[in-house]
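Enquirer: Below is a structure I'd like to ask you about.
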Amino acid sequence: MSKLNIVLLEPEIPSNTGNIGRTCVATGTRLHLIEPLGFRLNEKAIQRAGMDYWKDLDVTTYLNYEDFLAKNPGAKIYMATTKARKLYTEAQYEEDCFIMFGKESAGIPEEILVKHPDTAIRIPMNEDIRSLNLANSVAIVLYEALRQQGFANMQREGQLRKFTW
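Quick note, in our numbering, the sequence shown goes up one by one and the last residue is 166.
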(Lines of atoms letter the chains of each structure in order from A and count residues from 1; the text may use other names and numbers.)
(Lines give C-alpha, C1' and ligand atoms only; values in the text may rest on other atoms or scores of the structure.)
Protein backbone atom coordinates (compact mmCIF):
# COMPACT_ATOMS: atom_id res chain seq x y z
CA MET A 1 0.00 0.00 0.00
CA SER A 2 1.39 3.38 -0.95
CA LYS A 3 1.76 6.14 1.61
CA LEU A 4 2.77 9.75 1.69
CA ASN A 5 5.97 10.68 3.47
CA ILE A 6 6.70 13.69 5.68
CA VAL A 7 10.38 14.59 6.07
CA LEU A 8 11.67 16.85 8.83
CA LEU A 9 15.16 18.14 8.16
CA GLU A 10 16.90 18.77 11.50
CA PRO A 11 13.79 19.54 13.58
CA GLU A 12 14.53 21.50 16.76
CA ILE A 13 11.36 21.56 18.88
CA PRO A 14 10.15 18.27 20.36
CA SER A 15 6.50 19.31 20.72
CA ASN A 16 6.32 20.16 17.00
CA THR A 17 7.72 16.77 16.06
CA GLY A 18 5.34 15.08 18.51
CA ASN A 19 2.36 16.86 16.97
CA ILE A 20 3.55 15.98 13.48
CA GLY A 21 3.99 12.36 14.53
CA ARG A 22 0.40 12.28 15.78
CA THR A 23 -0.82 13.75 12.48
CA CYS A 24 1.18 11.11 10.60
CA VAL A 25 -0.43 8.30 12.61
CA ALA A 26 -3.91 9.80 12.02
CA THR A 27 -3.30 9.91 8.26
CA GLY A 28 -1.27 6.74 7.71
CA THR A 29 1.75 8.81 6.69
CA ARG A 30 5.39 7.85 7.21
CA LEU A 31 7.64 10.25 9.13
CA HIS A 32 11.32 10.67 8.27
CA LEU A 33 13.61 12.54 10.66
CA ILE A 34 16.97 13.79 9.42
CA GLU A 35 19.58 14.38 12.13
CA PRO A 36 20.83 16.24 13.95
CA LEU A 37 17.67 16.56 16.01
CA GLY A 38 17.30 19.31 18.59
CA PHE A 39 16.02 16.77 21.12
CA ARG A 40 16.07 13.07 22.00
CA LEU A 41 13.26 10.90 20.68
CA ASN A 42 12.52 9.64 24.19
CA GLU A 43 11.92 13.15 25.64
CA LYS A 44 8.68 13.66 27.53
CA ALA A 45 7.74 16.69 25.40
CA ILE A 46 7.67 14.61 22.22
CA GLN A 47 5.70 11.85 23.93
CA ARG A 48 3.23 14.32 25.41
CA ALA A 49 2.58 16.06 22.08
CA GLY A 50 2.27 12.72 20.29
CA MET A 51 0.06 11.41 23.08
CA ASP A 52 -0.16 7.63 23.11
CA TYR A 53 0.11 7.44 19.31
CA TRP A 54 3.91 7.61 19.10
CA LYS A 55 4.20 3.83 19.46
CA ASP A 56 2.11 3.43 16.28
CA LEU A 57 4.19 5.85 14.20
CA ASP A 58 6.05 4.62 11.12
CA VAL A 59 9.23 6.66 11.68
CA THR A 60 12.73 6.42 10.20
CA THR A 61 15.76 8.46 11.23
CA TYR A 62 18.76 9.35 9.07
CA LEU A 63 22.26 10.52 9.99
CA ASN A 64 22.08 13.48 7.58
CA TYR A 65 20.52 14.67 4.32
CA GLU A 66 22.95 12.61 2.22
CA ASP A 67 21.99 9.46 4.18
CA PHE A 68 18.31 10.22 3.50
CA LEU A 69 18.96 10.58 -0.25
CA ALA A 70 21.03 7.40 -0.36
CA LYS A 71 18.29 5.37 1.37
CA ASN A 72 15.50 6.83 -0.80
CA PRO A 73 16.95 6.84 -4.33
CA GLY A 74 14.77 8.47 -6.95
CA ALA A 75 12.37 9.89 -4.37
CA LYS A 76 10.08 12.70 -5.58
CA ILE A 77 10.63 15.37 -2.91
CA TYR A 78 8.49 18.47 -2.53
CA MET A 79 10.26 21.07 -0.41
CA ALA A 80 8.14 23.42 1.65
CA THR A 81 9.79 26.82 1.93
CA THR A 82 8.89 30.50 2.13
CA LYS A 83 11.33 31.00 -0.77
CA ALA A 84 9.30 29.02 -3.34
CA ARG A 85 7.38 30.55 -6.23
CA LYS A 86 4.81 27.76 -6.55
CA LEU A 87 1.94 27.38 -4.06
CA TYR A 88 1.46 24.06 -2.29
CA THR A 89 -1.97 23.78 -3.95
CA GLU A 90 -0.36 23.90 -7.41
CA ALA A 91 1.70 20.74 -6.88
CA GLN A 92 0.34 17.34 -7.89
CA TYR A 93 1.33 14.99 -5.07
CA GLU A 94 2.06 11.48 -6.27
CA GLU A 95 1.62 8.34 -4.19
CA ASP A 96 4.75 7.69 -2.14
CA CYS A 97 6.10 11.22 -2.65
CA PHE A 98 8.05 12.97 0.09
CA ILE A 99 7.15 16.39 1.49
CA MET A 100 10.12 17.97 3.25
CA PHE A 101 10.15 20.72 5.86
CA GLY A 102 13.21 22.41 7.32
CA LYS A 103 14.11 23.19 10.88
CA GLU A 104 12.08 25.76 12.74
CA SER A 105 14.82 28.42 12.97
CA ALA A 106 16.09 28.38 9.39
CA GLY A 107 14.02 26.18 7.07
CA ILE A 108 15.59 24.11 4.31
CA PRO A 109 19.09 25.35 3.42
CA GLU A 110 19.30 27.31 0.18
CA GLU A 111 22.04 25.02 -1.16
CA ILE A 112 19.42 22.24 -1.18
CA LEU A 113 16.59 24.42 -2.50
CA VAL A 114 18.51 25.69 -5.54
CA LYS A 115 18.81 22.09 -6.74
CA HIS A 116 15.02 21.58 -6.58
CA PRO A 117 13.29 24.75 -7.88
CA ASP A 118 10.50 22.79 -9.63
CA THR A 119 9.41 20.98 -6.48
CA ALA A 120 9.73 23.88 -4.03
CA ILE A 121 6.31 24.84 -2.66
CA ARG A 122 5.02 27.56 -0.35
CA ILE A 123 2.01 28.30 1.83
CA PRO A 124 0.73 31.83 1.15
CA MET A 125 0.72 34.26 4.07
CA ASN A 126 0.99 37.95 4.80
CA GLU A 127 4.39 39.39 3.91
CA ASP A 128 5.00 40.69 7.45
CA ILE A 129 5.12 37.12 8.79
CA ARG A 130 8.38 35.16 8.58
CA SER A 131 6.84 31.68 8.75
CA LEU A 132 4.09 29.50 10.17
CA ASN A 133 4.47 26.96 12.95
CA LEU A 134 6.09 23.78 11.62
CA ALA A 135 3.37 21.40 12.83
CA ASN A 136 0.68 23.62 11.30
CA SER A 137 2.57 23.84 8.00
CA VAL A 138 2.90 20.06 7.82
CA ALA A 139 -0.82 19.62 8.45
CA ILE A 140 -1.79 22.18 5.79
CA VAL A 141 0.33 20.64 3.03
CA LEU A 142 -0.27 17.02 4.03
CA TYR A 143 -4.03 17.40 3.98
CA GLU A 144 -3.88 18.99 0.52
CA ALA A 145 -1.91 15.97 -0.70
CA LEU A 146 -4.42 13.63 0.95
CA ARG A 147 -7.34 15.58 -0.56
CA GLN A 148 -5.81 15.20 -4.02
CA GLN A 149 -5.65 11.45 -3.43
CA GLY A 150 -9.30 11.30 -2.35
CA PHE A 151 -8.44 10.65 1.32
CA ALA A 152 -7.77 7.03 0.34
CA ASN A 153 -8.21 4.49 3.15
CA MET A 154 -9.33 7.20 5.59
CA GLN A 155 -12.59 7.48 7.48
CA ARG A 156 -14.54 10.18 5.65
CA GLU A 157 -17.72 10.37 7.72
CA GLY A 158 -18.31 11.04 11.39
CA GLN A 159 -21.20 9.97 13.51
CA LEU A 160 -22.83 11.56 16.54
CA ARG A 161 -23.19 9.37 19.58
CA LYS A 162 -26.72 9.08 20.83
CA PHE A 163 -27.09 10.60 24.26
CA THR A 164 -29.91 9.88 26.63
CA TRP A 165 -30.86 12.72 28.91
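For each residue, glycine too, the CB sits at the ideal point set by N, CA and C.
(1) Give me the Cα-Cα distance between serine 138 and isoleucine 124, rounded to the nearest whole angstrom.
(2) Glycine 29 to leucine 5, Cα distance in whole Å?
(3) Sort Gln93, Asn73, Thr82 and His117 by Cα distance to tyrosine 144 and report the nearest one.
(4) Determine which residues share a DSSP beta bridge with asparagine 6 and list them.
(5) Please name the residue in Thr24, Leu88 and Arg31 whose C-alpha comes closest to that of aspartate 53.
(6) Does threonine 90 pass the burial test, meaning 16 or more other C-beta atoms within 10 Å, or should it be called exposed?
(7) To the nearest angstrom, report how far apart glutamine 160 and alanine 27 are at their CA atoms.
(8) Start and end of the alpha helix (DSSP H) containing isoleucine 141?
(9) Name the one or two DSSP bridge partners that leucine 88 has.
(10) Since alanine 71 is in the alpha helix (DSSP H), which residue starts that stretch and which ends it?
(11) Can you tell which of Leu32, Thr82, Ala136 and Gln149 has the C-alpha that lies nearest to the C-alpha of tyrosine 63?
Expert: So, from the listed chains and residues:
(1) When rounded, the distance between both Cα atoms is 8 Å.
(2) Straight across, the Cα-Cα distance linking glycine 29 with leucine 5 is about 8 Å.
(3) Ranking Gln93, Asn73, Thr82 and His117 by Cα distance to tyrosine 144 puts Gln93 first.
(4) Secondary-structure assignment with DSSP links asparagine 6 through a beta bridge to Arg31 and Phe99.
(5) Scanning Thr24, Leu88 and Arg31 for the CA closest to the CA of aspartate 53 turns up Thr24.
(6) It counts as exposed.
(7) Between glutamine 160 and alanine 27, the alpha-carbon positions lie close to 17 Å from each other.
(8) Element bounds for isoleucine 141: 135–149.
(9) DSSP lists Arg123 as the bridge partner or partners of leucine 88.
(10) Secondary structure note for alanine 71: its alpha helix (DSSP H) is the uninterrupted segment 66–72.
(11) The shortest C-alpha separation from tyrosine 63 is found at Leu32.
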